[in-house]
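Participant:
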Amino acid sequence: MPIRTLRAAITHAPHRFLLSAWPWRALAYLLAGTVAGTLLFGTAHAMALNWPDSGRHWRVVGPLMGMLFLATVFGSTPLVVRWGRWCEGLVGARPEPPRGEAASAARPWGRPLSPRLWRDVGYTVLSFSAFYVLDVVVLLLALGAPLAGVLTYWNAEQLRVFEWVPTVLAWGSLWLVGLYLVAAWAAARSEIARAVLSPREDRLAAELSAVTASRAALAEAFDDERRRIERDLHDGAQQRLVAAKAALGLARLDLPPGSPAADAVRQAQDHVTASLSELRDLVRGVHPQVLTERGLRAALRDAAARTDAPVDIGIDLPGRLPAAVESTAYFVVCEALANAAKHAPGASVRVRGGVREGVLRVAVTDDGPGGAKPDGGGLDGLRHRLAVLGGELAVDSPEGGPTTVRLEIPQV
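Counting in UniProt numbering, the sequence shown runs from 1 upward without gaps.
1) So aspartate 135 and threonine 34 are in contact, right, with Cβ under 8 Å, and what is the actual spacing, rounded?
2) Check each candidate in Pro288, His384 and Ala323 and name the one with the smallest Cα separation from leucine 360.
3) Can you tell which of Ala344, Gly368 and Glu326 has its C-alpha closest to the C-alpha of glycine 354?
4) Would you check if the stretch 169-184 and the stretch 14-26 touch, i.e. whether three or more CB-CB distances between them fall below 8 Å?
5) Taking C-alpha atoms, which residue in Pro398, Ala340, Arg356 and Phe331 lies nearest to arginine 383?
6) Does DSSP put isoleucine 313 in a helix, in a strand, or in coil?
7) If you measure between the beta carbons of leucine 6 and glycine 84, is that distance less than 9 Å?
8) The alpha helix (DSSP H) spanning leucine 140 covers which residue range?
9) Enumerate in chain order the residues of its own chain whose CB-to-CB distance from tryptophan 109 is below 6 Å, with the five nearest sequence positions on each side excluded.
10) Inspect the beta-carbon positions of valine 364 and leucine 337 and report whether they are closer than 9 Å.
11) So who's on the other strand from valine 362, going by DSSP bridges?
12) Less than 9 Å between the beta carbons of glycine 346 and proline 369, yes or no?
13) Taking isoleucine 315 and arginine 297 to be in contact with their CB atoms under 8 Å, please state how far apart those CB atoms are, rounded to whole angstroms.
14) Closer than 6 Å by C-beta to alanine 303: which residues in its own chain qualify, once you throw out the five before and the five after it? Chain order, please.
15) For the beta strand (DSSP E) containing glutamate 392, list its first residue and its last residue.
16) With a cut-off of 8 Å on the beta carbons, I'd call tyrosine 132 and alanine 193 a contact; round off their distance for me.
17) Go ahead and pull the three-state DSSP assignment for valine 388.
18) Are the CB atoms of valine 80 and alanine 36 within a distance shorter than 9 Å?
19) Which of the three DSSP states, helix, strand or coil, is assigned to asparagine 339?
20) How far does the alpha helix (DSSP H) with histidine 12 in it extend, from its first residue to its last?
21) How close, in whole Å, do the beta carbons of valine 265 and leucine 241 come, if the pair is a contact with beta carbons under 8 Å?
22) Tell me the rounded alpha-carbon separation between valine 125 and isoleucine 3.
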């Protein structure tokens with residue numbers, strides 16, 4: 001399995017860690033993290049050294065340094081946050097800003113009460129203070145200390161050769177240990193930064209959005225496959241059965257009435273007719289052609305015409321809806337009609353609905369005895385079908401009736 005984060009590189013394969021590119025990526029991560037702090041404190045140090053009035057040095061420079069720090073924090077927050085996200089890509093996946101907040105991040109004071117803004121400001125303060133100090137300390141300990149030791153003993157004339165070589169090598173080997181220290185702090189620093197830049201609720205929202213999009217894509221692909229199967233059955237097997245029925249009818253005309261051969265052909269024609277009827281029902285169950293060609297309103301009227309109970313269809317639609325919405329609404333309403341016919345035979349059914357505020361709302365009401373359970377096997381299946389598109393299902397069925405099944409599907 002490929003290693004995609006610095007933390008995984010340290011924990012899963014510590015013995016091969018130094019042979020990979022991760023130590024250098026961790027070192028680049030810490031060096032990049034010190035850029036903002038170095039610019040700020042370098043500017044402050046230059047101002048302190050070159051301030052002309054030495055008598056009132058700290059009384060004047062101190063407040064100016066504080067004002068400089070605050071101005072830098074709030075003014076550079078978008079840039080520092082963007083730089084921080086880029087740096088996180090050195091040690092793992094680069095966190096993306098939450099959708100819909102990129103514009104507000106570019107204007108720090110556009111939404112002064114936004115939690116996202118104050119998290120970004122907090123990250124900037126961390127970058128200029130604790131992160132900067134700890135980055136410098138870790139780099140000095142991990143790289144500076146071994147370098148100082150090597151330079152100290154490199155020209156040590158008091159040491160003999162057999163003493164000088166192991167001493168220099170020992171100090172030089174501390175660089176290898178220092179790379180582990182750099183990587184350990186870089187991994188910990190990254191976890192803290194990610195918690196601020198991409199908090200848990202944002203990550204969960206992004207994951208939920210991705211899951212919802214994938215479910216919708218699967219539903220659309222499944223619906224496309226249903227339409228393909230319906231088209232193949234309608235244009236292939238169904239047409240062949242119609243042709244076979246016609247051929248048997250012509251053959252029957254050439255045979256003497258009442259003869260065994262005529263009876264056999266008639267029976268074969270009846271079997272073909274029954275098979276054709278079953279195939280048509282199967283095609284409607286897979287994906288009715290009328291839904292593809294004429295839309296939801298016509299498909300529901302066709303379904304109502306094939307129902308034994310009286311069904312009144314009143315659907316007001318502005319036009320064709322997305323294919324996945326039409327398909328889901330059709331099969332949910334058909335299931336509701338089937339449930340009404342099963343539990344309230346002979347009861348009249350009314351189907352009312354339309355699109356309001358970008359949401360398709362449909363209500364199926366029957367005049368049966370009521371008492372339907374809001375949670376059941378069939379209703380749970382309808383809820384699962386609607387959930388794929390972010391829709392909802394509600395059932396109102398008091399004792400004595402009527403029973404109303406309401407569905408809502410946001411148009412996608």
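Note that the Cβ used here is the ideal one computed from N, Cα and C, for glycine as well.
Facilitator: The answer reads as follows:
1) That belief holds up - the Cβ atoms of aspartate 135 and threonine 34 are roughly 5 Å apart, short of 8 Å.
2) The alpha carbon of leucine 360 has as its nearest neighbour, out of Pro288, His384 and Ala323, the alpha carbon of Ala323.
3) For the residues Ala344, Gly368 and Glu326, the minimum Cα distance to glycine 354 belongs to Glu326.
4) These segments touch.
5) Of the candidates Pro398, Ala340, Arg356 and Phe331, the one whose C-alpha sits nearest the C-alpha of arginine 383 is Phe331.
6) For isoleucine 313, the secondary structure class from DSSP, reduced to helix, strand or coil, is strand.
7) At least 9 Å separates the beta-carbon of leucine 6 from that of glycine 84.
8) Taken as a continuous stretch (DSSP letters only), leucine 140 belongs to no alpha helix (DSSP H), as it is neither H nor E.
9) Residue placement at tryptophan 109 is poorly supported in this model, since its pLDDT is 46, which falls under 50; the coordinates still yield a value, given next. Excluding sequence positions up to five before and after tryptophan 109, its CB lies less than 6 Å from no other CB in the same chain.
10) The criterion of a C-beta distance shorter than 9 Å is satisfied by valine 364 and leucine 337.
11) DSSP output for valine 362 lists Gly353 and Leu407 as bridge partner(s).
12) Their beta carbons are not under 9 Å apart, which means glycine 346 does not touch proline 369 by this criterion.
13) About 5 Å separates the beta carbons of isoleucine 315 and arginine 297, which is inside the 8 Å limit, making them a contact pair.
14) Spatial neighbours of alanine 303 in its own chain (CB-CB distance under 6 Å, excluding positions within 5 residues in sequence) are listed in chain order as Cys334.
15) Counting along the chain, the beta strand (DSSP E) containing glutamate 392 begins and ends at 392-396.
16) Contact check for tyrosine 132 and alanine 193: beta-carbon distance about 13 Å, past the 8 Å limit, so the pair fails to qualify.
17) In the structure shown, valine 388 sits in coil (DSSP, three-state: anything other than H, G, I, E or B).
18) Against a cut-off of 9 Å, the Cβ pair of valine 80 and alanine 36 comes out as a contact.
19) Note: asparagine 339 maps to helix in three-state DSSP.
20) Taken as a continuous stretch (DSSP letters only), the alpha helix (DSSP H) holding histidine 12 covers 6-12.
21) Going by Cβ atoms, the distance from valine 265 to leucine 241 rounds to 15 Å, so no, they are not a contact pair.
22) For valine 125 and isoleucine 3, the distance between alpha carbons rounds to 31 Å.
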